[in-house]
Structures are given as C-alpha cells and as structure tokens.
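Here full-length UniProt numbering is used: the first residue of the sequence shown is 1, the next is one more, and so on.
No residue lacks a Cβ here, since even glycine has one placed at the ideal position from N, Cα and C.
These notes concern the structure reproduced below.
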Amino acid sequence: MGFLSRIRRLVSGQPQLAGGIMVYAPVNGEIVAIEKVPDVVFAEKIVGDGIAIAPKGDTIVAPIDGTIGKIFETNHAFSIESPQGLELFVHFGVGTVELRGRGFSRLAEEGQEVKVGDPILSFDLEYLKDQVDSLLTPVVLANMEDVKYLDKAQGNVTAGKDPIFTVQL
Numbered sequence: 001m002g003f004l005s006r007i008r009r010l011v012s013g014q015p016q017l018a019g020g021i022m023v024y025a026p027v028n029g030e031i032v033a034i035e036k037v038p039d040v041v042f043a044e045k046i047v048g049d050g051i052a053i054a055p056k057g058d059t060i061v062a063p064i065d066g067t068i069g070k071i072f073e074t075n076h077a078f079s080i081e082s083p084q085g086l087e088l089f090v091h092f093g094v095g096t097v098e099l100r101g102r103g104f105s106r107l108a109e110e111g112q113e114v115k116v117g118d119p120i121l122s123f124d125l126e127y128l129k130d131q132v133d134s135l136l137t138p139v140v141l142a143n144m145e146d147v148k149y150l151d152k153a154q155g156n157v158t159a160g161k162d163p164i165f166t167v168q169l
C-alpha cells in the first residue's frame, strides 16, 4: 500500500508538511518501547516501527484524522490512513485475537472518516488483564517505506490529547 499512497500524494499535489504529522495516543497509558512487546511480529518491527502503550481506561480512539481501513472481526485491532497517506495499525494486547471479540466492542465502522480522539473501540480492561499474555498495545506505521523521519515520545499519555510520535513522509 505504501507505493499507492506515495502515488496518491504525488497526483494530488499535496505539499510537504512542515514539521511532519503528529500521531496521538489512541489509548490512555504509558509509552513502552515497541521492542518490549512479547510478540516477535511487533518487537522485531515486521509490520512496522512505532511504540506500544501499557493501557488504562476503556476506549481506543483515532490517533490521526483519517479513514478507518480495517477493523478486525474480533474488535481488538484496526488500521487507519491519513489524507497524507500515513498508514497506522493499532493492535490491543497480545493474545487478544483468541478471545474472539470477548472484552471488546466496536464504536466505529470500516470506511468511516474520523478525527483525532473519535472513539473506535471500547474494551473491558479488568476482564482482559486476566485473559491475555500482555495488554501492551502496539501502534505501528504500516508504510515505513514512505517514512523519512520518526520521532517517538516517552512517558504517560492521554488518548487523543498527547502525541506519541511525529512522522515526516
């Protein structure tokens, strides 16, 4: 998809963004290095680079303005693309797919246009913490081939309010 998003940007004549695109926390919690996620697909950045968040609260929100691509049938993960072609993947926890949707509810739909902070999924943290290997929630850039620069934040974050990284395409 990275190639197509690059072509779309060229054809649309979108100007280069000074300072990059801000990506905001999709969930409340503490930022953790992506390498600490106990899943090789994320820890070794096979699906892309990013961060993870040790979650608090009960809602996952849009980390960027954009269009929701895919919401997994089990409501534990989704993809979103910004108008500039940034492609993000948000995946709640490790081992959550095996729950077959238990502990999660869908609050948005595939193809929906959203703004930063709009609710996408809700989750039952108390239920999930006893059911899965890890609650760490990776937020990764799926089209790293388009990324020129990535600046990751640290510390505690509030969903929809605090940046987790800045990206230059």
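Looking only at its own chain, which residues have a Cβ that is under 8 Å from the Cβ of residue i, when we skip the five neighbours before and after it?
i, result
"residue 134", "37, 38, 39, 93, 94, 95"
"residue 116", "24, 61, 62, 63, 64, 65, 160"
What does DSSP give as the partner residue(s) for residue i in the beta ladder?
i, result
"residue 70", "According to DSSP, which records beta bridges pairwise, residue 70 is partnered with nothing at all."
"residue 161", "Answer by DSSP bridge pairing: none, since residue 161 is not bridged."
"residue 169", "The partner list for residue 169 (beta bridge, DSSP) is empty, contrary to what the question assumes."
"residue 107", "Its beta-bridge partners do not exist; DSSP assigns none."
"residue 152", "165"
"residue 78", "71, 90"
Enumerate in chain order the residues of its own chain whose CB-to-CB distance from residue i is below 6 Å, with the five nearest sequence positions on each side excluded.
i, result
"residue 132", "93, 95, 96"
"residue 124", "103"
"residue 166", "20, 22, 151"
"residue 113", "67"
"residue 140", "47, 48, 50, 89"
"residue 128", "103"
"residue 156", "30"
Measure from the C-beta of residue i to each C-beta in chain E and report whether the shortest distance is under 8 Å.
i, result
"residue 123", "Checking the listed chains, one finds no chain E in this structure; it contains a single protein chain."
Assuming the contact rule is C-beta atoms closer than 8 Å, residue i and residue j should be a hit. Round their C-beta distance to whole Å, please.
i, j, result
"residue 142", "residue 57", "Actually they do not touch by this definition, with Cβ atoms about 24 Å apart."
"residue 137", "residue 55", "5 Å"
Tell me whether residue i is buried or exposed, calling it buried when 16 or more other Cβ atoms sit within 10 Å of its Cβ.
i, result
"residue 130", "exposed"
"residue 85", "buried"
- Item | Sufficient close CB pairs (3 or more, under 8 Å) joining the stretch 141-153 to the stretch 104-122 | No, the stretch 141-153 is not in contact with the stretch 104-122.
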